[in-house]
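Worksheet: the structure to be examined is printed underneath.
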Amino acid sequence: MMTDLIVQGSQMAFVLVLAPFLTGLSRKFRARLLSRQGPAVIQPYRDLLRLLRKDVILAHNASWLFRVAPYLIFAATWVASALVPTFATGLLFSWSADLIAIIALLGSARFFLALAGLDIGTSFGGIGSSREMLIASLAEPAMIMIVFSLALIAGSTQLSTMAGFMLSPAIGLRVSLGLALISLIMVAIAENARIPIDNPSTHLELTMVHEAMVLEYSGRHLAMIELAAALKLQLYISLVICLFVPWGIGHADASLISYVIGAAAYVLKLAIAAFLLALFETAIAKMRVFRVPNFLGAALMLSLLGTLFLFVSRSL
Amino acid sequence: MNGMLPDAMVAVLIIPVVSAAILALIPNYRVSSRLNVLASLLTLSAALLLFARRPEPGQFLFIDDLNIVFVALNTFVGFTTSLFSATYISHELETGKLTPAYLRFYHAMYQVMMFGMNLALVSNNLGLMWVAVELATLSTVLMVGIYRTHEALEAAWKYFILGSVGIALALFGTILVYMAARPVIGEGLEAMVWTTVIQHAGSFDPALLNVAFIFLLLGYGTKVGLAPLHAWLPDAHAEGPTPISAVLSGLLLNVALYAVLRFKILLSASPQAIAPGPLMIVMGLISLIFAAFMLYRRRDIKRLFAYSSIEHMGIIAFAFGMGGPLANFAGLLHMTMHSLTKSAIFFAVGHVAQVKGTQKIADIRGLTASHPVLGWGLVIGVIAIAGMPPLGIFMSEFLVVSSAFARHPLLALPLVTGLLVAFGALLLRLSGVAFGEPCGSLAPVKASYVPMFAHLAMVFAAGIYLPAPLVTWFQHVARLLG
Amino acid sequence: MPPIIALDCVAAFLLVAVLAVVLAKSTRASRIVYGATLLISVVAVSAAGVQLAASPWEMTLPLGLPWIGAHLRVDSLSAFFLAVVNLGGAAASLYALGYGQHEDAPGRVLPFFAAFLAGMNLVVMADDAFTFLLAWEFMSLASWALVVSHQDEPANIRAGYIYLVMASFGTLCLLLAFGLLAGTDGGYAFAAIRASHPATYLAAAVLILALIGTGSKAGLMPLHVWLPLAHPAAPSHVSGLMSGVMTKVAIYGFLRIVFDLLGAPDWWWSVIVLVLGGVTAVLGVLYALMQQDLKRLLAYSTVENVGIIFIGLGLALAFRANNMNLAAALALTAALLHVLNHMLFKNLLFFGAGAVLAATGLRDIEQLGGLIQRMPATSFVFLVGSAAISALPPLNGFVSEWLTFQAVLLSPEIPQWGLKLIIPAVGALLALAAALAGSCFVRAFGIVFLGRPRSSAAAEAREVDRFSIAGMAVLALLCLVTGILPGFFIDHLGPVIQSLVGGQMPRQLSVSWLSIVPIAESRSSYNGLLVFVFIAVSTSLAVFGIHRLASRAVRRSAPWDCGFPNASPTTQYTASSFAQPIRRVFGSTVFRARETVYMPSPGDSSAASFKLRVQDLIWDFLYVPIVRSVGFLADRLNYFQFLTIRRYLSLVFLALVSLLLILAIWS
Amino acid sequence: MIGLQFDLAHLLAGGLVLLSFMMLYQDRLYALLNVFAFHSVVLALSVAWQAYIQDAAHLYVTAAIALLFKGVIIPVALHRMIVRLGIHREIETVVGVGLTMLAGMALVALSMVVMLRVTPGADALAREDLAFALSVILIGLLVMVTRRNAVGQVVGFMSLENGLVLAATGAKGMPLVVEISVAFSVLIAFIVIGIFLFRIRERFDTVDIGALDQFRGERR
């Protein structure tokens with residue numbers, strides 16, 4: 369029992385510590401691909417610390433919601449990402465929320481982020497929230513559809529079980545799996561405000577979504593939100609990892625060694641994912657906001673297709 | 002007391018005649034209106050005595066389970082209406098719409114009309130019944146025209162001509178029935194006495210009965226106001242004095258319907274004759290749907306409710322046409338409830354028309370604000386007539402529709418459509434009249450609300466709880482109607 | 002004996018109604034009446050709670066249809082809905098203790114409020130067709146009176162008119178359904194109906210009629226048109242009751258007829274229900290997103306939630322048709338739990354809207370804004386409600402939608418192909434609806450409570466009285482409790498589900514850590530309590546840590562806004578501009594949204610203008626033609642009022658001749 | 728003897744139908760009235776004949792009423808009224824004569840078909856009478872429908888009522904025949920007086936019913 373708690377706690381700490389690292393890594397890769405020197409991998413940690421130490425500058429009409437939101441966003445995202453198996457499945461609290469619940473938790477985070485964007489009453493905040501909600505309202509159904517097809521294959525929406533099933537030989541190579549993977553990646557890109565949906569590294573108001581919402585934030589609040597964003601990116605990546613390439617992942621009642629192996633494997637996959645992400649982002653260009661629906665619609669269609677394929681193949 | 006008991010049936014007829022004679026002589030309208038009420042009350046009590054002890058059927062008069070219901074209803078509504086008219090008519094005098102001379106005539110005629118209707122109900126003789134219906138019709142014709150305005154005269158004339166044709170047709174039907182009865186029963190009066198006729202109905206010549214029924218249906222149907230014979234009804238209601246409108250809708254239609262029912266029984270008693278049901282169903286549906294659509298374009302509030310009477314007569318005809326214990330029960334209940342409700346509505350409308358000085362729907366608004374009691378009374382009345390619970394008509398419509406759909410689904414659909422269309426129209430007008438910014442005079446109503454709310458209370462009570470004896474009675478009659 | 006108490010409560014409500022008529026004039030009337038209704042509803046809730054697990058209680062009063070009498074029966078299903086109804090009633094009464102003071106003509110509200118509650122209670126208790134329809138129609142009537150209670154506005158009268166016509170349309174459909182069920186000899190008692198098993202085609206007809214009849218009351222598309230008109234027109238606490246409770250009574254009607262009276266379902270029934278439910282959910286929330294009027298927005302979101310509930314019911318039907326009792330139990334539990342949840346947060350939201358209305362006199366959200374500063378308590382509870390209705394964990398809305406998703410995931414076991422293909426699609430619709438609901442309520446809350454006031458009325462808003470706040474707070478608390486302890490409620494739903502589909506979900510309270518496990522822990526589980534605790538802990542952890550170790554200083558300044566802040570509140574994002582992206586995506590097809598922008602050329606001093614036209618296609622293509630055709634027929638037939646006597650005579654003549662002809666041809 | 732009875736009754740009844748036909752194509756009011764008077768006289772004859780063969784004394788009263796009231800008084804009254812109204816040379820039928828005649832034929836045929844269904848059990852005389860009476864009634868209605876002005880319609884109504892009386896007297900031993908004929912005479916008197924009243928009150932410039940109900944309840 370006690371050990372279980374410890375393992376669970378270490379998982380939470382693990383993701384928290386690793387999230388900025390992922391961001392930094394992808395930035396580094398990206399800079400390299402653009403043949404720039406780029407900031408150090410630990411730069412995000414430095415940024416966070418500095419932000420934490422800075423004073424907060426609040427607009428005069430900022431409400432209590434504006435001040436509470438960052439912490440809520442951070443907490444929700446953190447809990448969500450802590451529930452995704454990284455180095456081991458079947459942790460103590462892993463069953464307290466299944467995949468659907470995790471997505472919903474991210475939804476709560478987004479809900480408060482969008483509200484925070486509206487709180488000051490600036491036009492940029494409005495733009496950001498409105499576009500964010502548009503993206504969300506298209507991305508969520510796609511995500512749910514992905515969950516459907518995966519859950520139908522694995523017979524569960526419980527991430528640990530799903531990962532276990534993916535490891536088992538029962539799983540062959542399936543069309544729906546491929547479709548699910550593709551649309552999952554598309555959704556992940558959209559949800560994390562990456563190119564081509566959004567550009568995390570500009571403040572060019574016509575294009576920005578996520579940045580527009582957090583425009584009024586500063587100091588520790590901004591730090592919380594940045595950290596939450598990093599956690600979210602990491603969550604999606606580890607989701608892809610544990611669902612599609614879960615090899616090397618340990619299990620709760622396994623020995624310490626297997627944990628270490630799992631952790632190592634996880635970090636490795638994370639690095640690869642960061643590289644791929646950077647590659648992708650440098651390869652293509654940002655698209656207009658009103659092309660986003662087509663992008664996400666495609667994701668939705670793919671995932672729905674995958675689900676239907678499953679239903680058909682199931683009954684054959 | 003015991004001495005007069007056997008003659009209660011006669012009393013129902015004598016009292017109106019005598020009081021009519023007296024009323025014709027009394028110049029003072031206050032006295033005469035009171036006397037009118039008194040006479041109606043006496044008639045009512047006489048009618049109630051009939052329940053206590055039922056006289057033997059004679060050659061001309063008789064009382065059976067069917068017509069006693071009608072007599073009781075008739076005399077009751079006659080009484081309440083006389084109460085209403087007592088308070089109503091004085092206002093007409095003040096506004097100078099009527100002169101004392103006409104008022105005297107009015108009261109006398111009121112009793113003559115009551116006499117005619119009662120006679121039609123208790124007569125055991127087909128010819129006598131015909132004469133009585135004619136008498137009632139003519140007296141109401143005179144009442145309708147009493148205001149002597151262009152419109153009133155015209156309405157009376159229309160009523161008169163169409164009514165006379167109806168009478169003629171009904172007479173021919175009656176003659177045919179006699180012809181059918183004669184070979185079996187033998188010549189003379191016996192062949193027209195209902196009680197004997199119905200006994201031998203089985204052996205009558207069906208072909209004759211068929212023709213007879215068609216003429217009787219059309220003849221008395223004109224009085225019932227079934228489309229397309231309805232033309233007289235809306236104008237007669239709209240242009241006559243409101244008490245007369247109430248009596249027309251509440252009573253005269255019932256009396257005519259009673260006549261139709263009698264002959265329906267006769268026809269269904271003879272096996273080879275055509276089934277009267279389908280004819281009544283078709284005419285009922287036509288009247289219902291036609292009236293339902295006509296409701297939408299009405300501008301005169303009394304004419305509106307006249308059309309709703311046509312609609313309800315259609316429903317009742319449908320119910321009786323369908324037959325069977327359930328539908329007949331529903332028909333009887335619906336008829337009773339309709340008389341009470343519709344007369345209550347006309348009482349309310351009368352008050353409204355007197356206060357606002359107009360019958361134009363467009364000129365009446367926000368009654369619930371300007372005259373709360375009257376307004377809500379009208380709302381309840383219309384709600385009731387539209388067939389909403391917890392008022393009596395809901396129960397009968399429930400029975401009619403559900404049993405109709407269970408038995409002939411295709412017939413139930415037009416029925417339901419008609420009900421819905423009519424409901425829409427009534428509610429549309431109601432929400433215009435009852436709500437919104439009040440307009441017109443805000444003067445308080447002088448006349449008494451007692452009759453209106455008495456009726457509404459009864460309708461409400463019936464919608465919640467029907468006393469067991471009444472139910473058994475109706476069920477018995479329903480079985481009688483086959 | 003609790004059920005007797007339930008009956009007494011109905012009587013008490015009616016008594017209060019009469020009392021209200023009597024003392025409508027007095028100034029303390031509303032306090033007295035609402036106090037009484039509050040008391041009665043609380044009693045009724047407790048009675049219903051006791052009855053939930055107990056064996057059914059029956060009673061026959063010598064009222065109603067004479068030879069049948071008024072049958073009353075409280076089984077677990079009725080008990081559950083009694084609880085829902087009276088819980089809503091209690092909350093509304095508590096809220097109205099304060100809110101009712103704003104009423105300028107209490108005489109038009111008080112009697113009908115009590116009567117309305119009585120009607121809803123009676124519907125749920127009725128055990129024969131007549132009593133059921135009587136109560137049903139009485140309920141409609143009372144609510145109609147409440148809708149037109151603010152009679153000086155013509156719009157309200159119109160809304161009431163449309164409402165009552167639709168209501169009686171629904172009632173007639175139910176009447177026909179009961180006519181079929183009762184058969185020719187009129188066995189109207191539900192017991193008799195249960196005993197008789199109708200033929201399949203009859204059963205199908207009954208299903209369709211019941212769907213139309215109850216759907217028109219619940220607001221199922223395309224029968225929803227009255228709902229967004231009527232619900233906002235009523236006083237806010239009544240709007241809450243109509244949206245949160247009366248629609249549930251309609252759901253009860255559907256359950257009672259289709260699941261209880263009708264016997265074993267056919268699989269294709271569920272297709273109809275599922276498709277209607279899915280379409281209703283998505284369209285409802287899309288319409289909600291386009292609304293400017295806060296209460297109308299809420300009404301449309303009611304339509305959405307009704308759709309979600311019907312999806313659950315459809316799933317239950319599908320599973321039941323294939324004798325998959327456990328799955329059916331799961332789906333039905335989801336639906337019933339959503340019934341409870343929606344009652345909670347929809348009442349809460351309508352009360353919030355009422356509070357805003359009372360504080361500012363405004364319903365148009367384009368005029369509002371910044372209320373979070375002026376009305377902190379209201380805005381907080383409204384936030385809770387918005388989060389709950391957006392299906393965000395750890396609140397209650399999420400639980401029921403999660404269960405519905407779990408039920409959807411069980412569908413591959415269904416043999417029928419049609420269902421195989423439809424259910425996932427409906428699942429997608431459900432997900433879409435949930436996501437859109439999120440943005441809908443971000444919009445609602447954000448525009449109304451956040452930002453800067455867009456009108457002086459909003460700027461001078463006052464926090465509402467404590468009764469209103471208490472009413473809302475209770476509901477908010479219940480939303481949270483239902484969200485974090487769903488197992489408790491699911492277990493109490495057990496008997497209901499058992500009685501309807503002959504199976505029930507495994508007992509939840511026995512699961513460790515109070516989490517809920519629909520089928521098996523390996524398959525799926527959710528623990529609202531833990532999620533709540535985690536979030537709370539980690540939030541406080543973060544706050545504590547940062548404030549302790551890092552800075553806690555705050556400096557106030559003007560908003561930065563990319564360097565050029567604009568003082569005027571009109572530069573804020575408006576509600577319509579917030580909805581614009583979604584309008585672009587869905588609007589052009591779903592409701593013909595048309596934007597016309599007029600931008601004067603440089604040098605032209607005329608004002609630029611932006612026009613937005615959004616039309617309800619269902620209204621245009623379904624209802625307008627009906628209205629037109631009725632008007633057309635009325636006009637045509639109206640000629641018969643203007644014929645000459647000769648023409649009338651010829652009508653008689655023709656009738657006579659044609660009848661004689663028939664006679665001549667006949668036989 | 729029976730044969731003679733039958734033939735005579737048959738003849739008279741047939742004569743009535745014939746006269747009704749003649750009414751159909753009269754377009755002058757005078758002529759119409761004359762034909763009607765003749766119609767009533769024939770009716771009186773047939774009633775009297777019935778009274779004789781049924782030896783029912785009270786039928787003579789009916790015959791007398793028919794003869795005096797409808798054969799003389801009413802026609803004369805209407806005659807004078809027409810003069811006073813100055814509408815005596817009006818030509819006023821709605822549809823053409825030919826069409827009307829055809830319709831009349833059809834009606835007679837119809838009434839025959841309907842009535843001859845009657846089982847011969849009822850004596851032949853009654854059947855014939857009824858058939859003729861029915862056709863007289865239907866034609867009377869047709870006259871009412873095809874006439875524009877009130878006098879024409881009243882005449883139509885009265886011929887209809889003649890048919891009724893014919894039927895009533897044809898029905899052997901039918902009670903109340905006298906009362907009924909009296910009642911009808913009263914009715915007709917009412918109608919005539921009504922027209923007359925309207926004339927005198929100067930409310931309606933003509934007794935054309937089209938003008939009489941120009942108002943027709945509600946204005947459009």
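Chains as they are written, first to last, in the working numbering: chain A, 369 to 684; chain B, 2 to 483; chain C, 2 to 668; chain D, 728 to 947.
C-beta atoms are modelled at their ideal positions from N, C-alpha and C, and glycine is treated no differently.
Cα separation between residue i and residue j?
i, j, result
"A/L672", "C/T405", "18 Å"
"C/L363", "C/V357", "7 Å"
"D/F942", "C/T575", "Residue confidence for D/F942 is low, a pLDDT of 45 falling below 50, so the modelled location carries little weight and cannot support an answer."
"D/L914", "B/F61", "23 Å"
"A/A639", "A/A631", "12 Å"
"D/A758", "D/M808", "15 Å"
"C/A196", "C/L203", "15 Å"
"C/G188", "B/L267", "30 Å"
Is residue i helix, strand or coil when you go by DSSP?
i, result
"B/L6", "For B/L6, the pLDDT reaches just 45, beneath the cut-off of 50, and the residue's location in the model is therefore unreliable, although a value from the coordinates is still provided. Three-state DSSP puts B/L6 in a helix."
"C/E59", "strand"
"A/A430", "coil"
"A/F461", "coil"
"D/G778", "For the record, residue 778 of chain D in the displayed sequence is Ala; it is not Gly. Reduced to three states, the DSSP call for D/A778 is helix."
"C/P74", "It is Arg, not Pro, that sits at residue 74 of chain C in the sequence shown. Strand at C/R74."
"A/Y585", "coil"
Taking Cβ-Cβ distances shorter than 7 Å, what residues in chain D pair up with residue i?
i, result
"B/Y179", "A898, M901"
"B/F173", "I864, L891, A894"
In the DSSP assignment, what residue or residues form a beta bridge with residue i?
i, result
"C/R556", "A/I425"
"C/T597", "C/K612"
Show which residues of chain B have a CB atom less than 8 Å away from the CB atom of residue i.
i, result
"C/V658", "Under the 8 Å cutoff, chain B gives no residues; its nearest Cβ is about 10 Å from C/V658."
"C/Q152", "G367, T369, A370, F436, G437"
Quick one: which chain A residues come within Cβ less than 7 Å of residue i?
i, result
"C/W403", "I468, A469"
Give me the Cβ distance between residue i and residue j, rounded to the nearest whole Å; I'm assuming they're in contact under 8 Å.
i, j, result
"C/A116", "C/A143", "4 Å"
"B/T223", "B/L230", "4 Å"
"C/H339", "C/G313", "6 Å"
Going along chain B, which residues have a C-beta under 7 Å from residue i?
i, result
"C/Y162", "L428, L429, S432"
Chain C partners of residue i, CB-CB under 7 Å?
i, result
"D/V768", "Neighbours of D/V768 on chain C: none; closest Cβ ~27 Å, over 7 Å."
How would you list, in chain order, the residues of chain D whose beta-carbon sits under 8 Å from the beta-carbon of residue i?
i, result
"B/S404", "Ordered by position in chain D, no residue passes the 8 Å Cβ test against B/S404, which lies about 34 Å from the chain."
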